[in-house]
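Residue numbers (this note's numbering): 3 to 977.
Using N, Cα and C, we set each Cβ at its ideal position, and we do this for glycine too.
Notes to accompany the following structure.
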């Protein structure tokens with residue numbers, strides 16, 4: 003015990019041992035003691051020496067401590083001492099070493115304390131890395147540590163969490179690999195977030211931060227272990243943006259999980275966690291006195307939103323997140339912060355950047371942002387208020403960059419917004435009573451502040467980006483330079499600033515201003531031949547550009563020379579040869595004489611070789627360390643990359659090559675037109691095919707429905723048939739079970755019913771035949787009447803009149819016979835009706851008899867009535883038979899009458915022919931008689947002249963009349 007007194011501070015006699023010796027003895031005690039209390043006291047002593055003698059404890063005691071972790075699992079106190087000792091020798095943070103002695107009520111975000119002696123700090127870091135390498139040489143040690151984290155005891159779990167965090171800080175990648183392959187390794191660490199003790203939960207957050215750094219696989223596992231739900235719950239419990247450092251730790255862990263991890267971002271969006279971010283940004287009216295922790299928390303929350311809509315993400319994922327943020331009201335909440343008063347400058351700047359990326363490339367979000375108004379009197383659009391900050395040189399540099407980025411994102415792929423901005427510059431839309439975006443841009447473009455010049459030029463260039471219509475519209479803008487002078491175009495004013503030698507050039511001589519104007523001009527006239535023509539129309543522009551390119555200027559002016567070369571190259575490439583003095587060929591000759599082609603290409607390459615060019619090309623957001631380095635715009639770097647090669651080729655091409663190229667272009671355009679026509683035709687055919695397919699599908703479905711209906715109906719019919727057969731069989735069995743007497747009556751009645759049915763059918767058939775005969779008879783009557791009238795007309799002059807009369811008489815007799823037969827048929831029908839009535843009455847009488855309810859007298863009466871009905875039926879059968887015979891005779895007579903009518907028609911035709919011939923003969927005779935009368939008259943006249951007696955014509959007529967009467971009498975006697 004004297005040994006422990008010496009170690010623990012007690013007085014001991016003799017010389018004091020050195021620290022190394024003491025540690026060696028303690029290690030021996032740990033290794034050799036059989037009593038748990040001795041080992042525990044030795045480990046506690048090592049813990050107390052581990053800070054002062056870090057090197058010695060780590061070198062001599064690490065293996066013994068690891069052995070304690072393996073063997074003494076049952077004693078939580080010794081395990082806690084061993085874990086604390088290992089943490090002290092591995093941890094490199096002085097502050098954490100001091101805090102490790104006593105548990106804190108709430109763990110915080112530990113900040114590294116700078117050590118005056120940098121060499122000592124470097125040695126401490128190297129020492130921690132060495133001990134970490136020694137510990138993880140055997141992966142089983144890490145597995146053992148993960149197993150110990152399952153212990154619920156505070157003195158074991160909390161030191162284990164801190165030790166694993168320190169190991170990850172020193173050798174993160176190696177330890178991540180070990181934990182990744184360890185069974186349930188990540189799941190054990192995720193359980194720390196569910197610990198009810200805040201100290202362990204909060205240090206578990208720090209542990210997961212280190213674990214998820216730069217390892218996408220572990221990030222995915224943590225995310226799918228329900229990390230998002232747990233972290234958002236903790237943030238809500240801690241007070242969201244008003245919470246403490248625990249909220250900050252949760253946000254840092256969320257950033258680790260989501261940044262550059264598309265899988266986790268999609269999982270976050272699909273899990274509807276974006277909607278849970280909206281309450282974070284609900285700020286009150288009184289925004290004064292924000293704490294530093296709230297500023298930090300809100301800054302991290304804004305960064306989390308930006309991670310989800312970052313331009314480096316895939317376009318589809320970004321668009322989906324932007325849509326969700328608009329639908330859940332997150333964008334609206336951010337715009338509220340944007341227009342609120344009293345918001346700290348760094349939060350306002352980050353909010354502007356966040357809104358920028360939420361609306362970038364999303365038409366719906368851009369339209370909403372355009373409708374946002376600032377709470378001023380009168381209300382002004384948010385865009386105008388932001389532009390006022392951008393062109394104000396008193397605003398912070400980072401804030402002005404953020405506003406520029408917001409304006410760029412508002413116009414990105416937004417032709418509607420571009421048109422609205424350009425429209426504010428046109429003469430017809432300028433309102434003198436209000437400040438517009440166009441007026442602010444023009445004011446910034448020509449102000450004395452070079453940064454305002456550059457920002458306004460870049461903003462205006464984005465209003466023209468990939469929009470030929472707005473490039474042409476901007477040519478209409480006129481500026482009033484001074485009183486008494488005519489207005490000049492905006493394009494002319496920009497070139498004047500670059501080329502003239504008055505006060506304007508002294509303001510524009512700054513590199514930043516000139517670079518901004520040249521980028522604006524290059525963007526403006528590229529892919530716009532009309533703008534190129536306007537630019538070349540000013541006689542001073544081309545000489546200025548060639549002079550700038552050909553001069554040997556300093557290092558700072560090289561970028562300006564490169565941009566001038568690019569501008570001149572655009573004038574060549576997009577030249578439509580409408581100006582005779584500045585055609586493509588003449589401009590190339592000018593370059594060859596004044597500059598030289600090789601020199602021109604070399605100066606053109608100064609742009610891409612500039613050190614700031616590659617930095618601007620990396621991402622769209624304009625982030626610059628200082629104002630002087632703000633030279634290039636991201637979209638402009640894309641334009642340079644696109645045009646540099648084609649301009650170089652255009653300068654070196656000869657006129658013949660250009661002609662061939664134009665012919666090839668025309669041919670390709672023709673081919674493209676043909677291909678376009680075929681594509682349209684194919685598209686139309688595809689549409690028709692699709693419509694036909696839809697019709698076929700619709701008809702197929704209808705057919706299937708009809709078939710199903712038919713099948714169902716068939717099955718129902720079959721069911722009805724089966725039911726009918728069953729009832730029929732049942733009825734037959736019931737009839738068989740009746741008595742003999744009743745069976746006889748039923749049999750007789752059944753036979754009678756069958757005969758009556760047959761008789762009904764025969765009578766119905768006769769009725770139909772009678773109707774048909776009546777119809778035919780009516781037709782024959784009409785024909786006979788016609789023949790009678792014609793025969794009556796021709797009877798006077800023909801010899802066949804007697805035959806027609808006989809035929810008519812015969813037909814009249816036939817008609818009377820048919821009428822008599824019709825009367826008989828009607829009588830037969832009446833008798834049939836009476837018979838049916840009697841049969842029904844008999845049936846009704848038979849049914850109660852079958853039930854056995856009639857007495858013998860009624861049965862006898864029924865039998866007599868049945869016998870009478872049977873006799874009546876026999877008589878009716880005989881009459882039907884005779885009627886059938888009469889019908890056959892009538893049909894035969896009708897057939898003979900039809901043949902007679904045909905013969906009469908033939909004879910009528912002959913008679914008509916004879917009548918016509920007789921009329922002709924009579925006409926001829928009349929002519930002869932007239933001639934004879936003329937001759938007789940002349941002869942009589944001669945005889946009278948000669949004195950002869952001549953009879954008068956009246957006497958002759960009387961004599962002829964008498965002769966005719968005698969002839970008629972003789973004919974009648976002969977008849």
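Worksheet entry | Which residues DSSP lists as bridging residue 839, in chain order | Counting from 1 along the chain shown, the entry for residue 839 is found at position 837. In DSSP, residue 839 forms no bridge with anything.
Practice prompt. Output the distance between the C-alpha atoms of residue 79 and residue 58, rounded to the nearest integer angstrom.
Written response: Taking the first residue of the chain shown as 1, we reach residue 79 at position 77. Taking the first residue of the chain shown as 1, we reach residue 58 at position 56. Near 23 Å, if we compare the C-alpha coordinates of residue 58 and residue 79.
Worksheet item: Around the Cβ of residue 670, are there at least 16 other Cβ atoms within 10 angstroms (buried) or fewer (exposed)?
Response: For the purposes of this step, residue 670 is taken as the residue at position 668 of the chain shown. Residue 670 is exposed by the Cβ-count criterion.
Discussion item. Is the separation between the beta-carbon of residue 359 and that of residue 312 shorter than 8 Å?
Written reply: Along the chain shown, one-based indexing puts residue 359 at 357. Along the chain shown, one-based indexing puts residue 312 at 310. Contact annotation: residue 359 and residue 312 have beta-carbon atoms nearer than 8 Å.
Discussion item. Measuring only the C-alpha atoms, how far is residue 948 from residue 938?
Written reply: The residue labelled residue 948 in the question sits at position 946 within the chain shown. The residue labelled residue 938 in the question sits at position 936 within the chain shown. Taking the straight line from one Cα to the other gives about 15 Å.
Worksheet entry | Meets three-Cβ-pair contact criterion under 8 Å: the segment 443-451 and the segment 609-626 | Contact between the segment 443-451 and the segment 609-626 is absent: fewer than 3 CB-CB pairs across the two stretches fall below 8 Å.
Fill in: Residues near residue 615 in its chain [Cβ-Cβ closer than 7 Å; skip 5 each side]
Residue numbering aside, residue 615 sits at position 613 when the chain shown is read from its first letter. Closer than 7 Å at the Cβ level, and outside the excluded window around residue 615, lie 609, 634 and 639.
Fill in: In chain order, each beta strand (DSSP E) run of at least 3 residues that lies wholly inside the segment 665-745
If only complete runs of 3 or more residues are kept, the segment 665-745 shows no beta strand (DSSP E) anywhere.
Worksheet item: residue 22: which of 40, 54 and 37 sits nearest, CA to CA?
Response: By one-based count along the chain shown, residue 22 stands at place 20. Its Cα nearest to that of residue 22, the residue 54 stands out among 40, 54 and 37.
Discussion item. On the CB-based measure, 16 or more other CB atoms within 10 Å of its CB, does residue 43 come out buried or exposed?
Written reply: Here the question's residue 43 lines up with position 41 in the chain shown. With 16 or more other CB atoms across the displayed protein chains lying within 10 angstroms of its CB, residue 43 is buried.
Discussion item. Suppose the cutoff is 8 Å on Cβ atoms and the five residues either side in sequence are ignored; what does the same chain contact list for residue 800 look like?
Written reply: Residue mapping note: residue 800 aligns to position 798 of the chain shown, counting from 1. Low per-residue confidence applies at residue 800: pLDDT is 45, beneath 50, and the placement is therefore not dependable enough to give any value.
Worksheet entry | Separation of residue 477 from residue 468, as counted between CA atoms | Residue 468 sits at position 466 when you count from the first residue of the chain shown. Residue 477 sits at position 475 when you count from the first residue of the chain shown. So the alpha carbons of these two residues sit roughly 16 Å apart.
Worksheet item: Since residue 340 and residue 372 are thought to touch, with beta carbons under 8 Å apart, how far apart are those beta carbons, to the nearest angstrom?
Response: The residue you call residue 340 lines up with position 338 of the chain shown. The residue you call residue 372 lines up with position 370 of the chain shown. Not a contact, Cβ separation roughly 14 Å.
Worksheet entry | Proximity test, residue 89 beta-carbon vs the ligand ZN heavy atom, cut-off 7 Å | Annotation note on the ligand ZN: not contained in the displayed structure, which lists no ligands.
Worksheet item: Between the C-alpha atoms of residue 705 and residue 696, what's the straight-line distance to the nearest angstrom?
Response: In the chain shown, the residue the question calls residue 705 occupies position 703. In the chain shown, the residue the question calls residue 696 occupies position 694. For residue 705 and residue 696, the distance between alpha carbons rounds to 14 Å.
Discussion item. Tell me the residue span of the alpha helix (DSSP H) that contains residue 225.
Written reply: In the chain shown, counting from the first residue as 1, residue 225 sits at position 223. Start and end: 218-226.
Worksheet item: Under a three-way DSSP split, which group does residue 59 fall into?
Response: Your numbering for residue 59 matches position 57 in the chain shown. Assignment of residue 59 by DSSP, reduced to helix, strand and coil, places it in the helix class.
Worksheet item: Expressed to the nearest angstrom, what Euclidean distance is found between the alpha-carbon atoms of residue 539 and residue 581?
Response: As a working mapping, residue 539 is identified with position 537 in the chain shown. As a working mapping, residue 581 is identified with position 579 in the chain shown. Approximately 8 Å, taken between the alpha carbons.
Item to complete: With a threshold of 16 other CB atoms inside 10 Å of the CB of residue 488, please say whether the residue is buried or exposed.
Response: Numbered from 1 along the chain shown, position 486 holds the residue referred to as residue 488. The Cβ neighbour count for residue 488, taken over all protein chains shown within 10 Å, is under 16; the residue is labelled exposed.
Worksheet entry | Cα-Cα separation between residue 222 and residue 200, rounded to whole angstroms | Numbered from 1 along the chain shown, position 220 holds the residue referred to as residue 222. Numbered from 1 along the chain shown, position 198 holds the residue referred to as residue 200. Going by the C-alpha atoms only, they are around 25 Å apart.
Worksheet entry | residue 376 in three-state terms, based on DSSP | Translated into positions along the chain shown, residue 376 becomes position 374. Strand, per DSSP.
Item to complete: Closer than 8 Å by C-beta to residue 712: which residues in its own chain qualify, once you throw out the five before and the five after it? Chain order, please.
Response: Position 710 of the chain shown holds residue 712. Cβ within range, chain order: n/a, list empty.
Worksheet item: Are the CB atoms of residue 472 and residue 421 nearer to each other than 8 Å?
Response: Start at 1 with the first residue of the chain shown, and residue 472 comes out as number 470. Start at 1 with the first residue of the chain shown, and residue 421 comes out as number 419. Yes; because the gap between Cβ atoms is below 8 Å, this pair is in contact.
Fill in: Whole runs of the alpha helix (DSSP H) within the segment 424-477, excluding any shorter than 4 residues
Complete alpha helix (DSSP H) runs here, min 4: 439-447, 452-466 and 470-476.
Worksheet item: What separation, rounded to the nearest whole angstrom, lies between the Cα atoms of residue 204 and residue 137?
Response: One-based indexing of the chain shown puts residue 204 at position 202. One-based indexing of the chain shown puts residue 137 at position 135. The straight-line gap separating the alpha-carbon atoms of residue 204 and residue 137 is approximately 25 Å.
Practice prompt. Use the C-beta contact count for residue 941: other C-beta atoms within 10 angstroms, 16 or more gives buried, fewer gives exposed.
Written response: Position 939 of the chain shown, counted from the first residue, corresponds to residue 941. Flag for residue 941 reads exposed.
Discussion item. Which residues does DSSP list as the beta-bridge partners of residue 481?
Written reply: Numbered from its first residue, the chain shown carries residue 481 at position 479. DSSP output for residue 481 lists 490 as bridge partner(s).
Worksheet item: Between the segment 204-216 and the segment 149-169, do three or more beta carbon pairs fall short of 8 Å?
Response: Touching, yes.
Item to complete: Per DSSP, which residues does residue 382 bridge with? Please list them.
Response: Taking the chain shown and counting its residues from 1, one reaches residue 382 at position 380. In DSSP, residue 382 forms a bridge with 376.
Discussion item. If I measure Cβ to Cβ from residue 252 and keep anything under 7 Å in the same chain, skipping five residues before and after, which residues do I get?
Written reply: Within the chain shown, the letter at position 250 stands for residue 252. Excluding residues within five positions, the ones whose Cβ falls inside 7 Å are 207, 233, 236 and 237.
Worksheet item: Using the beta-carbon count (16 or more within 10 Å), is residue 416 buried or exposed?
Response: The count along the chain shown starts at 1 and reaches residue 416 at position 414. With 16 or more Cβ atoms within 10 Å of its Cβ, residue 416 is classed as buried.
Worksheet item: Just how far apart, CA to CA, sit residue 437 and residue 647?
Response: Working through the chain shown from its first residue, we reach residue 437 at position 435. Working through the chain shown from its first residue, we reach residue 647 at position 645. Whole-angstrom Cα-Cα distance: 42 Å.
Worksheet item: Are residue 519 and residue 459 touching if we call contact CB-CB under 8 Å?
Response: Sequence index remark: in the chain shown, residue 519 carries index 517 (1-based). Sequence index remark: in the chain shown, residue 459 carries index 457 (1-based). Cβ atoms of residue 519 and residue 459: closer than 8 Å.
Practice prompt. Below 6 Å CB to CB, which residues in the same chain sit around residue 155 once its five sequence neighbours on both sides are set aside?
Written response: On the chain shown, position 153 is the one that residue 155 refers to. Within the same chain, 78 come within 6 Å of residue 155 by CB-CB distance, once the 5 residues on both sides are set aside.
Worksheet item: Residue ranges of each beta strand (DSSP E) run of no fewer than 3 residues wholly in the segment 252-312, ordered along the chain?
Response: Taking only runs of at least 3 residues, no beta strand (DSSP E) segment lies wholly in the segment 252-312.
Item to complete: Can you tell me which of the three DSSP states residue 601 falls into?
Response: Indexing the chain shown from 1 puts residue 601 at position 599. DSSP places residue 601 in helix when its eight states are reduced to three.
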